[in-house]
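Trainee:
Numbering (the numbering used here), first residue to last: 123 to 254.
1. Using a threshold of 8 Å, state whether the C-beta atoms of residue 134 and residue 144 are closer than that.
2. Return the bridge partner residues of residue 139 from the DSSP annotation.
3. Using a threshold of 8 Å, state whether the C-beta atoms of residue 131 and residue 139 are closer than that.
4. To the nearest angstrom, how far is it from the Cα of residue 123 to the Cα of residue 163?
5. Looking only at its own chain, which residues have a Cβ that is under 6 Å from the Cβ of residue 226, when we skip the five neighbours before and after it?
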């Protein structure tokens with residue numbers, strides 16, 4: 123109850139009933155005003171920080187989107203290189219198959235030419251023997 127010792131009932135200059143000492147009351151009012159100003163400044167600071175954070179987050183999202191786009195492009199380029207290698211292998215395989223087919227046709231052609239020559243010789247031999 124030590125607080126009650128500081129309280130005294132009195133009238134101020136506006137003729138209003140006061141419980142506290144006018145000097146302590148004015149200090150309390152000043153303290154309240156300072157606290158209000160501090161809270162306002164704190165709120166402004168908070169708003170400023172939120173604005174900066176929203177800007178930083180927006181930039182972060184842009185950076186992440188660009189990173190994803192870059193990764194996608196890199197994957198596409200790597201995939202394109204792989205597709206080209208695969209296509210080159212397929213074409214080389216097709217060339218080998220066509221070369222084998224060509225070699226087979228050449229061998230068949232040479233065989234047919236040889237057979238034709240042998241048949242002509244046989245025909246000539248048979249024609250020569252039948253004419254004599």
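Each residue gets a CB set at the ideal place from its N, CA and C atoms; glycine is no exception.
Note that the structure is a prediction, hence the values are computed from the model and not measured.
Mentor: Taking the geometry as given:
1. Their beta carbons are under 8 Å apart, which means residue 134 touches residue 144 by this criterion.
2. Residue 139 pairs with 133.
3. yes
4. Residue confidence is low: residue 123 scores 39 on pLDDT, short of 50, so the model does not pin down where it sits. Its coordinate-derived value is still stated next. Whole-angstrom Cα-Cα distance: 37 Å.
5. none
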